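Number 200 in our numbering belongs to position 191 of the sequence shown; there are no gaps in the numbering. C-beta atoms are modelled at their ideal positions from N, C-alpha and C, and glycine is treated no differently. As the structure is a prediction and not an experimental result, all values here were calculated from the model. To keep things clear, I will list the structure first and then write my remarks on it.
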Amino acid sequence: MEGAFAFTRDVHGNWSQLGGKLTVSDEVGFARLGAYLALSSDASTAILGGPNDNTSLGAAWIFTQATGGPPSPGGVSPASGTGLAQSMTFTFSDPSGWQNLDVVNVLINNFLDGRSACYLAYSRSAGVLYLVGDNGGTLSAGLALGATGTLSNSQCSVASGGSSATGSGNNLTLMLNLTFTSAFAGDKVTYLAARNLEGGNSGWQALGTWSVPGSNTFPSVSGVSPARGAGSSATLTFTFSDTKGSQDLGVVNVLINTFLDGRQACYIAYSQPSKVLYLVGDAGGGLSAGLTLGGSGSVSNSQCTVNAAGSSANGSGNTLTLVLSLNFTAAFDGNQVVYAAARDSTGANNSGWQSVASWTVQ
Numbered sequence: 010m011e012g013a014f015a016f017t018r019d020v021h022g023n024w025s026q027l028g029g030k031l032t033v034s035d036e037v038g039f040a041r042l043g044a045y046l047a048l049s050s051d052a053s054t055a056i057l058g059g060p061n062d063n064t065s066l067g068a069a070w071i072f073t074q075a076t077g078g079p080p081s082p083g084g085v086s087p088a089s090g091t092g093l094a095q096s097m098t099f100t101f102s103d104p105s106g107w108q109n110l111d112v113v114n115v116l117i118n119n120f121l122d123g124r125s126a127c128y129l130a131y132s133r134s135a136g137v138l139y140l141v142g143d144n145g146g147t148l149s150a151g152l153a154l155g156a157t158g159t160l161s162n163s164q165c166s167v168a169s170g171g172s173s174a175t176g177s178g179n180n181l182t183l184m185l186n187l188t189f190t191s192a193f194a195g196d197k198v199t200y201l202a203a204r205n206l207e208g209g210n211s212g213w214q215a216l217g218t219w220s221v222p223g224s225n226t227f228p229s230v231s232g233v234s235p236a237r238g239a240g241s242s243a244t245l246t247f248t249f250s251d252t253k254g255s256q257d258l259g260v261v262n263v264l265i266n267t268f269l270d271g272r273q274a275c276y277i278a279y280s281q282p283s284k285v286l287y288l289v290g291d292a293g294g295g296l297s298a299g300l301t302l303g304g305s306g307s308v309s310n311s312q313c314t315v316n317a318a319g320s321s322a323n324g325s326g327n328t329l330t331l332v333l334s335l336n337f338t339a340a341f342d343g344n345q346v347v348y349a350a351a352r353d354s355t356g357a358n359n360s361g362w363q364s365v366a367s368w369t370v371q
């Protein structure tokens with residue numbers, strides 16, 4: 010009686026035998042009733058069969074290996090807000106179940122940079138949380154969530170009390186009781202990432218924004234609505250302020266991109282004195298023809314189109330409200346960060362770039 014052995018292969022290509030020899034329990038004594046096995050080159054598909062069976066017709070069975078896929082961050086709640094202290098809830102998922110997650114990360118900073126950031130790593134397998142040091146590399150001691158104790162760096166602290174990690178189905182929910190330092194003031198982006206036990210990695214995803222309050226400067230970026238969204242088109246409302254009045258504003262800017270880079274971006278400049286909007290070219294330098302908002306026409310580059318219809322700019326008191334009707338190209342898909350900046354009419358005072366929202370182009 011012939012037999013067969015079963016083997017499994019892990020994601021690194023290593024084979025291991027599964028159990029012992031397999032034999033047929035009801036073998037029929039015909040010479041042509043042999044069995045054949047064919048494997049695809051990546052071992053994800055197996056065809057098992059023979060030239061004949063009890064009905065003299067022959068048969069084959071096809072087996073495919075289900076691919077779990079990489080883990081993914083689900084989002085953050087609240088997706089935007091302001092304050093020095095906040096309990097934030099982060100979700101992560103893995104197609105093979107939440108127990109297959111290894112390390113999940115949260116990074117809160119102006120840009121995607123682990124230095125001088127509120128940068129956290131939660132080890133699902135160890136059940137402890139780490140806070141990365143100001144240098145972007147050194148890890149704190151591990152903190153068990155839901156107990157006592159606190160981790161701190163120069164940007165934030167996380168308290169064990171009020172924090173938790175729970176799993177259900179494919180999802181891991183991480184709740185963190187965070188307090189930010191006043192020295193960390195400004196508009197921040199919330200980035201999430203996840204890695205599973207097989208080494209699959211989601212990469213960093215910008216999924217929220219948070220404003221850490223500090224001393225007011227003029228001019229300033231007050232915010233954008235909505236602060237989080239998805240789609241191939243958007244109507245975004247930006248507010249800018251100047252303590253000398255909205256008429257003191259010179260140019261306000263909006264930049265939508267994966268990173269703070271004017272190249273291959275949806276990069277917009279609105280001149281408050283001339284009431285004209287410009288779209289920066291793909292190279293990050295040249296300006297489009299001016300567009301009067303509220304009329305007809307549009308300006309486009311390879312990332313987006315700004316429509317005059319549905320767009321507007323209105324000043325009242327110290328505040329300028331800029332509404333932009335946008336369409337994004339399919340090539341610009343993915344999670345994008347929305348940055349905004351303002352400078353006064355003299356150009357001597359400016360807000361600097363502030364990360365105020367995130368948008369998934371799809």
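Annotation: Gln281 to Gln273 spans about 25 Å, alpha carbon to alpha carbon.
Counting other Cβ atoms within 10 Å of its Cβ, Gly90 stays below 16 and is therefore classed as exposed. Here the alpha carbon of Leu121 sits roughly 7 Å from the alpha carbon of Tyr200. By the C-beta density criterion, Thr252 is exposed, having fewer than 16 other C-beta atoms within 10 angstroms.
Straight across, the Cα-Cα distance linking Asn179 with Pro104 is about 6 Å. Per DSSP, the continuous beta strand (DSSP E) segment holding Ala351 begins and ends at Gly343 to Asp353. Taken atom to atom, the span from the alpha-carbon of Phe249 to that of Gly319 is near 19 Å. As summarised for the region 172-215, the continuous beta strand (DSSP E) elements at least 3 residues long and confined to that stretch are 180-189 and 195-205, given in chain order.
Ser102 is bridged by DSSP to Ser81 and Asn180. Using a Cβ distance threshold of 9 Å, Val113 and Ala203 count as a contacting pair.
Counting only the Cα atoms, Ser173 lies some 6 Å from Leu183. Shown here, Trp368 sits in a strand according to DSSP, grouped into three states. Its chain contains Leu302, Gly303 and Val332 as the residues whose beta carbon lies nearer than 6 Å to that of Ser321, once the 5 sequence neighbours on both sides are disregarded; these appear in chain order.
In this structure, DSSP gives Ser163 a state outside helix and strand, which the three-state scheme calls coil.
About 5 Å separates the Cβ atoms of Ser334 and Thr244, confirming a contact at the 8 Å cut-off. Going by beta carbons, Trp362 and Tyr348 fall inside the 9 Å limit. Three or more beta-carbon pairs drawn from the region 203-221 and the region 335-355 are found closer than 8 Å, and the two stretches are therefore classed as touching.
Per the coordinates, the alpha-carbon of Tyr139 lies some 6 Å from the alpha-carbon of Tyr131.
In the DSSP annotation of this structure, Phe120 is not part of any beta strand (DSSP E), being labelled neither H nor E. Thr100 counts as buried, since no fewer than 16 other beta carbons sit within 10 angstroms of its beta carbon. Arg352 is classed as buried because its beta carbon has at least 16 other beta carbons within 10 Å across all chains shown.
According to the DSSP assignment, Phe337 belongs to the beta strand (DSSP E) that extends over Thr328 to Phe337. For Asp257, the secondary structure class from DSSP, reduced to helix, strand or coil, is helix.
Residue environment analysis places Gln256 among the exposed positions, since fewer than 16 neighbouring C-beta atoms fall within 10 angstroms of its C-beta.
In the structure shown, Gln363 adopts extended strand secondary structure according to DSSP, grouped into three states. A distance below 6 Å between beta-carbons, with the five flanking residues on each side excluded, links Asn262 to the following residues of its chain, in chain order: Ala278 and Ala350. Going by DSSP, Ala153 is part of no beta strand (DSSP E) at all; its letter is neither H nor E. Per DSSP, the unbroken beta strand (DSSP E) holding Ala243 starts and ends at Ser242 to Ser250. Assignment of Asn109 by DSSP, reduced to helix, strand and coil, places it in the helix class.
Secondary structure note for Ala130: its beta strand (DSSP E) is the uninterrupted segment Cys127 to Ser132.
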